[in-house]
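Chemist:
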């Protein structure tokens, strides 16, 4: 029997969601302030309305008081799943009020894309976008990179309740740094913030000195690039994407920042204490480096055999940078989507699909299947082969190093294989939907893998004129990929079961079943 | 409940935690973050206002004298299918296209002379490989695609405004060589401009303020504050 949500559970969930919505409203004051400073009065009003909506919704939801002071596992899963949806719903208000989208659903789609660090946007005409809105997009990327629930834990907005650990794990964070989750959140935020600040300084300097931008524009572009690179979100300030800048040195710096975001932040802390050997000993680091090496070889071969992109300079500038972007799930692409689909060979496209498929480490800003799961899958295969080769009475134990010595168990293997299977099914489902809407198989597969892994490299499908069925499909894929499938499926299942059982148990439902019992349907069938 | 000492050395699902420095209280964290933010701001001020661009990037900031006769305004009406060329385009055969078509990486036009018009947006950027500079031009209708155009200093001097929020950039008519993957610029899709003329100057267009948004936002904020106060009062009553 499937558990369903009771009134107590609903009260707790609504209260927690209200707190998070209120927090998002407060964060919205940052772009409001920037809009006033940058002489953007109309965008300031848009954010004022957005703040008002979040304030009212959050305050109203907080009036619903939970009956108990603890969280159950089911409540934690549903809160985590719905927190992302609620945050995207309120964050979309300024965009819709400002008239940047025709429908609210489009604004919601973009907000989900920013929070999940996918970076695929329906928003057009970025060249004329106010600075405050550009900043708001980057803020959403950074919040999503750490995790909405983790940010709420770190800010102390969720306090006085037991069950913080359940929320922590429900959002897909597997590694703790400190026994206190608030401290873990603040440490992770500190590392993320340090990378972004350092990246902003370097990118601002390069935009000013090499590109020749004016001071404040260099700062704005520098921040956008650094935030997008470290959070592996890939949003840029201009329509041309990262290809706008035309500076290989800048691309090299972005590659460093992207890779900084893909490794585990917990490993960074352990490296600070125990030395660099801790970094290279970790199985996730080794998996990422091995996968990167394979992809770089594949892409270099694919580029070398391409008629248009075969020169050494192009292989290094376009091939290496785009490979790093795909591997880290950032989504920067110095090739346009039309070059990717119309000019580049299918080998390059296929290599990008492979590059995007793995993702980064746990406790990093990257999405995807995660390096630890891929490593466990390969270890499991090796373990099975070894077991078959050894005598029957022999006992085989596989060990690996991940934040300490770990032993490979059947449960770990099963979980990793399950998530891998869910990702593969999602890739194929998204690709089929794309093909049904009239797109080519390779483009549809690239877009599907990119959305599920929250990467952002696009074949040009997501943009103006995207069919609504595909919008819904990609929306679900982005959320499922970011929320770790189990949380997403648990949220959906709880809601469906609760609504369904609620309908059946209600007065109207009971009367309906009494009038038309299920057994009556069977009597229609002739003997 | 475990004591703080036991908590610091407690084994977790990630293995034994390394010996970490004593974690600060909330005030300590706030002070640390404030210090980091202030230090970063000081460095940013230095970089933004004191660091100087390279001489190559500064080239356009030096005053350039441009012959007024180079500034031409389009007088010929372009046909609906853009097949009619303006009368002052060089005699070499050029294809009139839209930027949207160029941005679609049309290989049939690769390494041919094209003519297009669009709005200048963004910034003037230095090229890493050639002596020219990059301009980004955006289509004025349809998909609003953008394309990078390489220009020299005399051509750039024709541009009065760069498109941004509340600013319409100068609209140019450009004739140049289109490349789907320019080997000189590491495979970038671009146009190297040969002939540039101004169609429309552009200018600053402040956005109208919608005052009703202020009233809506104010009303919502007032309602939100009321709800928060109600919640606070109910909580105090329940405790009492």
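Protein chains in written order, with the working numbering: chain R, 1 to 527; chain E, 528 to 767.
Note that beta-carbon positions come from the ideal geometry of N, C-alpha and C, so glycine has one too.
These figures come from a predicted structure and were not determined experimentally.
Report the residue from R:489, R:484, R:437 whose alpha carbon sits nearest the alpha carbon of residue 466 (chain R).
Modeler: R:437
Chemist: Going by other Cβ atoms of all chains shown within 10 Å of its Cβ, with 16 needed for buried, is residue 130 (chain R) buried or exposed?
Modeler: Under this definition residue 130 (chain R) is a buried residue.
Chemist: Could you have a look at residue 321 (chain R) and say whether DSSP puts it in helix, strand or coil?
Modeler: helix
Chemist: Pairs of beta-carbons, one from the segment 232-241 of chain R and one from the segment 192-207 of chain R, closer than 8 Å: are there three or more?
Modeler: No contact exists between the segment 232-241 of chain R and the segment 192-207 of chain R.
Chemist: Provide the residue span of the alpha helix (DSSP H) that contains residue 240 (chain R), from first to last.
Modeler: That residue, residue 240 (chain R), is in no alpha helix (DSSP H); it is neither H nor E in DSSP.
Chemist: Quick check: is the beta carbon of residue 339 (chain R) nearer than 8 Å to any beta carbon in chain E?
Modeler: At a cut-off of 8 Å, the C-beta of residue 339 (chain R) has a neighbouring C-beta in chain E.
Chemist: Excluding five sequence neighbours on each side, which residues of the same chain lie with their C-beta closer than 8 Å to the C-beta of residue 6 (chain R)?
Modeler: none
Chemist: Using 8 Å as the threshold, is the segment 85-92 of chain R in touch with the segment 112-121 of chain R, meaning 3 or more CB pairs across them?
Modeler: Touching, yes, given that three or more Cβ pairs across the two stretches are closer than 8 Å.
Chemist: Sort out for me which residues DSSP pairs residue 401 (chain R) with in a bridge.
Modeler: R:405
Chemist: Counting only Cβ pairs nearer than 8 Å, list the residues of chain E close to residue 317 (chain R).
Modeler: 713, 714
Chemist: Helix, strand or coil, according to DSSP, for residue 283 (chain R) in the structure here?
Modeler: helix
Chemist: Could you work out which residue in R:334, R:19, R:416, R:291 is closest to residue 459 (chain R) when comparing CA atoms only?
Modeler: R:334
Chemist: From residue 256 (chain R) to residue 307 (chain R), what does the alpha carbon distance come to, in whole angstroms?
Modeler: 29 Å
Chemist: Report the neighbours of residue 755 (chain E) on chain C: residues whose CB is nearer than 7 Å to its CB, in chain order.
Modeler: Chain labels in this structure do not include chain C; the protein chains are R and E.
Chemist: When DSSP labels each residue in this structure, what does residue 588 (chain E) get in the three-state scheme?
Modeler: For residue 588 (chain E), the predicted model reports a pLDDT of 38, less than 50, meaning its position is unreliable; a value from the coordinates is still stated below. Correct three-state label for residue 588 (chain E): helix.
Chemist: Just to confirm the assignment: which complete beta strand (DSSP E) runs, minimum length 3, are found wholly within the segment 708-735 of chain E?
Modeler: 715-727
Chemist: Can the beta-carbon of residue 369 (chain R) be found less than 8 Å from the beta-carbon of residue 359 (chain R)?
Modeler: yes
Chemist: Quick check on residue 73 (chain R) - is its C-beta less than 8 Å from some C-beta in chain E?
Modeler: no
Chemist: Considering only residues of the same chain and omitting the five flanking positions on each side of residue 707 (chain E), which have a CB-CB separation below 7 Å?
Modeler: 632, 634, 637, 716
Chemist: Consult DSSP for residue 489 (chain R) and reduce its assignment to one of helix, strand or coil.
Modeler: helix
Chemist: Taking all protein chains shown into account, do 16 or more other C-beta atoms lie within 10 angstroms of the C-beta of residue 79 (chain R), making it buried, or fewer, making it exposed?
Modeler: buried
Chemist: Hey, residue 194 (chain R) and residue 146 (chain R): beta-carbon distance below 8 Å or not?
Modeler: The answer is no: Cβ separation not under 8 Å.
Chemist: Taking beta-carbon pairs under 7 Å, can you tell me which members of the segment 240-253 of chain R lie near chain E?
Modeler: Going along the segment 240-253 of chain R in chain order, one finds 240, 243, 244, 245, 246, 247, 248 with a Cβ nearer than 7 Å to chain E.
Chemist: Should residue 416 (chain R) be labelled buried (16 or more other beta-carbon atoms within 10 Å of its own) or exposed?
Modeler: buried
Chemist: Would DSSP call residue 701 (chain E) helix, strand or coil?
Modeler: Strand at residue 701 (chain E).
Chemist: Going along the chain, which unbroken runs of the alpha helix (DSSP H) with 4 or more residues stay wholly within the segment 438-472 of chain R?
Modeler: Whole alpha helix (DSSP H) segments, 4+ residues: 441-452.
Chemist: Mind checking the segment 123-145 of chain R against chain E and listing, in chain order, the residues whose C-beta falls within less than 8 Å of any C-beta there?
Modeler: 124, 125, 127, 128, 129, 130, 131
Chemist: Within a Cβ cutoff of 7 Å, which residues of the same chain sit near residue 423 (chain R), ignoring the five residues on either side of it in sequence?
Modeler: Counting only Cβ-Cβ distances below 7 Å, and skipping sequence neighbours, we find 369, 452.
Chemist: Within the 8 Å Cβ cut-off, does residue 692 (chain E) reach chain R?
Modeler: yes
Chemist: Who are the Cβ neighbours of residue 248 (chain R) in its own chain at under 7 Å, not counting the five residues just before and after it?
Modeler: 317
Chemist: If you reduce the DSSP assignment to three classes, tell me which class residue 662 (chain E) lands in.
Modeler: Judged by DSSP in its simplified three-state form, residue 662 (chain E) adopts strand.
Chemist: Counting contacts by CB-CB distance shorter than 8 Å, is residue 100 (chain R) in contact with chain E?
Modeler: no
Chemist: Would you kindly work out how many angstroms separate the C-alpha atoms of residue 144 (chain R) and residue 116 (chain R), rounded to a whole number?
Modeler: Rounded to the nearest whole angstrom, the CA to CA distance from residue 144 (chain R) to residue 116 (chain R) is 6 Å.
Chemist: Under three-state DSSP, which class holds residue 623 (chain E)?
Modeler: strand
Chemist: For a test of the three-state rule: what should DSSP assign to residue 478 (chain R), helix, strand or coil?
Modeler: It is helical.
Chemist: In terms of alpha-carbon separation, which member of R:209, R:49, R:97, R:362 lies closest to residue 533 (chain R)?
Modeler: Residue 533 (chain R) lies beyond the stretch modelled for chain R, which goes from 1 to 527, so this question has no answer here.
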